[in-house]
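These notes concern the structure reproduced below.
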Amino acid sequence: MVENGSETEHNLKAETITKVVCSGRAFELGLCQGQSAAKQILAARRVLSELEAFRLKQPIWLPYTIYRWVAERKSLRYLQAALSSNHSQMLDRLRGIANGADLSLQAMCLFNALEPLLSSVGDCTVSPGACSAISVRGRRSANGCPIVARNFDYLKLVQPFYMIRDVRPESGFRSLEFTTAPLAGAVDGINEAGLCITYDYAFTTDRPASFAPPISVIIAETLQCCSTVTEAEAYFRSKSRWGGGILMVADPSGDIASFELSNTQLQVRRPAQGEDVLHHTNLFSTPEMQSVQIPLNAIYGHNAPTHLRGRRLHESSIVRDQRFQQLLSEHDIIGTDELGEIMSDHGPENQPGGSTLCVHGNYWHTTACLQFFPSERKMRVAFSTACEATFTDFQL
Numbered sequence: 001m002v003e004n005g006s007e008t009e010h011n012l013k014a015e016t017i018t019k020v021v022c023s024g025r026a027f028e029l030g031l032c033q034g035q036s037a038a039k040q041i042l043a044a045r046r047v048l049s050e051l052e053a054f055r056l057k058q059p060i061w062l063p064y065t066i067y068r069w070v071a072e073r074k075s076l077r078y079l080q081a082a083l084s085s086n087h088s089q090m091l092d093r094l095r096g097i098a099n100g101a102d103l104s105l106q107a108m109c110l111f112n113a114l115e116p117l118l119s120s121v122g123d124c125t126v127s128p129g130a131c132s133a134i135s136v137r138g139r140r141s142a143n144g145c146p147i148v149a150r151n152f153d154y155l156k157l158v159q160p161f162y163m164i165r166d167v168r169p170e171s172g173f174r175s176l177e178f179t180t181a182p183l184a185g186a187v188d189g190i191n192e193a194g195l196c197i198t199y200d201y202a203f204t205t206d207r208p209a210s211f212a213p214p215i216s217v218i219i220a221e222t223l224q225c226c227s228t229v230t231e232a233e234a235y236f237r238s239k240s241r242w243g244g245g246i247l248m249v250a251d252p253s254g255d256i257a258s259f260e261l262s263n264t265q266l267q268v269r270r271p272a273q274g275e276d277v278l279h280h281t282n283l284f285s286t287p288e289m290q291s292v293q294i295p296l297n298a299i300y301g302h303n304a305p306t307h308l309r310g311r312r313l314h315e316s317s318i319v320r321d322q323r324f325q326q327l328l329s330e331h332d333i334i335g336t337d338e339l340g341e342i343m344s345d346h347g348p349e350n351q352p353g354g355s356t357l358c359v360h361g362n363y364w365h366t367t368a369c370l371q372f373f374p375s376e377r378k379m380r381v382a383f384s385t386a387c388e389a390t391f392t393d394f395q396l
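Taking my numbering, the leading residue of the sequence shown gets 1, the next gets one more, and so forth.
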């Protein structure tokens, strides 16, 4: 079922928001998504040929259709091995999405493995995106309740395939999730218990010990079975994963935490004593995680997309992190207006660019901005830059 917007084609305005309601068992959840978002999914498959990061891995002698087929087969083998035992419901959901969109399972697996697959470069991984997130509570929150805000900085090419997914499983918590049309996992979300999770990418050098699901899959599972930050931490610690990331996690009690994740490690950061605010970009803050982070002096090489080559890998994250600190020192009490002002910031000179909190870069761009209210079980969404955001509210 599609609500709050018509079916979204690749040529529709980016700010069109599609809400898909999915209910039932795992396969049925996927089937609802695949049927409702079939046009988006098929359009995404066509647009895949325009994704430079994907085409850069194509051997010059290999035709594109064969290259895509090989990548699909590789993704299918990996995800079947990663999901078949401990995450079988997610594999069933993938089958449902493929069935609903009238595509093969291997075609659907490529979408779901694309980010960690593309990020494998030699002995390290390169994050496929940027992002910024902030959480406030207690005395720093205008109403005393926790609030989370996050900018999703990604490729404009992918923006038409964004959706809000209303997941109503046969068992477990209902949730509202920000994701893309082909994904079984979630990028961000909030469940009916008020647990909120947002996902920033990270730059890591370690590898999973064995086949493991993408972080987005673990996020979706966590929203279905956990009600607190503490439970979410325990769940993540119990699961292997593929990729690196930094999650902002909050619940109605006011517990807020930043989960720093790599393929093999997890460290949790909470506000210091007497503080009621957390923020992060794409940089690890804990020494343990910094040991598996790509070095701060790393530069994008010739295997990177054209607009990134020669740039410092962490430059934008460092600048955005410093700007966060400055702006937070200027705002003692923070509500939705202040959060909107912070997340739409264009730097001290008011010049939007690739290193401002509201990103306007040649490659990365703020393509969605979200606000979460755990106590109200509510999220606000705009598929646009933060400086132009007109939010749509969704409530559980």
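We put the CB at the ideal spot given by N, CA and C, even for glycine.
Same chain only: Cβ atoms within 7 Å of residue i, ignoring 5 sequence neighbours per side
i	result
Leu176	Ile164, Asp166, Gly189, Ile190, Met379, Phe394, Leu396
Gly138	Gly144, Gly254, Asp276
Leu327	Ile342, Asp345
Leu83	Met90, Leu91, Pro213
Glu50	Leu157
Val319	Ser355
For residue i, three-class secondary structure by DSSP
i	result
Cys225	helix
Ala234	helix
Ala257	strand
Gly24	strand
Phe152	strand
Asn303	coil
Gln35	helix
Cys124	The predicted position of Cys124 is uncertain, since its pLDDT is 45 and thus under 50; a value taken from the coordinates is nonetheless stated next. DSSP places Cys124 in strand when its eight states are reduced to three.
Ala368	strand
Gln58	coil
Glu388	helix
Gln293	strand
Ile333	coil
Residue interval of the beta strand (DSSP E) (run including residue i)
i	result
Ile134	130–136
Ile246	245–250
Ile17	Where Ile17 is concerned, there is no enclosing beta strand (DSSP E), given that its DSSP letter is neither H nor E.
Extent of the continuous alpha helix (DSSP H) run through residue i
i	result
Thr65	64–83
Ala44	38–47
Ile318	315–330
Leu266	No alpha helix (DSSP H) holds Leu266; the beta strand (DSSP E) holding it covers 266–269.
Gln395	Unbroken run through Gln395 is the beta strand (DSSP E), 392–395; no alpha helix (DSSP H).
Arg337	The identity of residue 337 in the sequence shown is Asp, whereas the question assumes Arg. Start and end: 336–343.
Asn191	Careful: Asn191 lies outside any alpha helix (DSSP H), inside the beta strand (DSSP E) at 188–191.
Pro182	Element bounds for Pro182: n/a, residue is neither H nor E.
Proximity test, Cβ basis, 8 Å: residue i and chain D
i	result
Gly144	The displayed structure is made up of one protein chain only, and chain D is not part of it.
Own chain residues within Cβ distance below 6 Å of residue i, not counting five before or after
i	result
Ser317	Thr281, Asn282, Leu283
Phe111	Pro182
Leu76	Gln106, Cys109
Gly347	Thr356
Ala298	Leu313
Ser262	Thr204, Asp206, Gly244, Val292
Ala26	Gln89, Asp92, Arg93
Pro374	Pro146, Gly194, Cys196, Ala250, Asp251, Pro252
His87	Pro213
Closer than 7 Å: residue i CB and nearest the ligand ADP heavy atom
i	result
Gln35	With respect to small molecules bound, the structure shown includes none, and the ligand ADP cannot be examined in it.
Cβ shell of residue i (< 8 Å), same chain only, five flanking positions each side left out
i	result
Gly30	Cys22, Asp92, Arg93, Leu94, Arg95, Gly96, Ile97, Ala98, Asn99, Gly100, Ala184
Gly122	Residue confidence is low: Gly122 scores 43 on pLDDT, short of 50, so the model does not pin down where it sits. No coordinate-derived value is stated.
Thr230	Asp255
Leu79	Leu91, Leu94, Cys109, Asn112, Ala113, Pro213
Gln159	Ala14, Thr367, Ala368, Phe383
Cross-strand partners of residue i (DSSP beta bridge)
i	result
Phe373	Lys378
Val277	Val136
Val167	Cys22, Ser175
Cys196	Ile190, Ala250
His87	None; His87 has no bridge partner.
Trp242	Pro214
Arg312	Ile299
Tyr201	Gly245
His360	His365
Flag this pair as touching only if the stretch 246–254 and the stretch 196–203 have three or more C-beta atom pairs under 8 Å; answer yes or no.
-> yes
Can you find at least 3 beta carbon pairs, one from the stretch 301–317 and one from the stretch 329–337, that sit closer than 8 Å?
-> no
Taking contact to mean at least 3 C-beta pairs separated by less than 8 Å, is the stretch 87–104 in contact with the stretch 29–36?
-> yes
Is there contact here, the stretch 261–277 with the stretch 286–295, by at least three beta-carbon pairs under 8 Å?
-> yes
Touch check for the stretch 357–376 and the stretch 140–157: three-plus C-beta pairs under 8 Å?
-> yes
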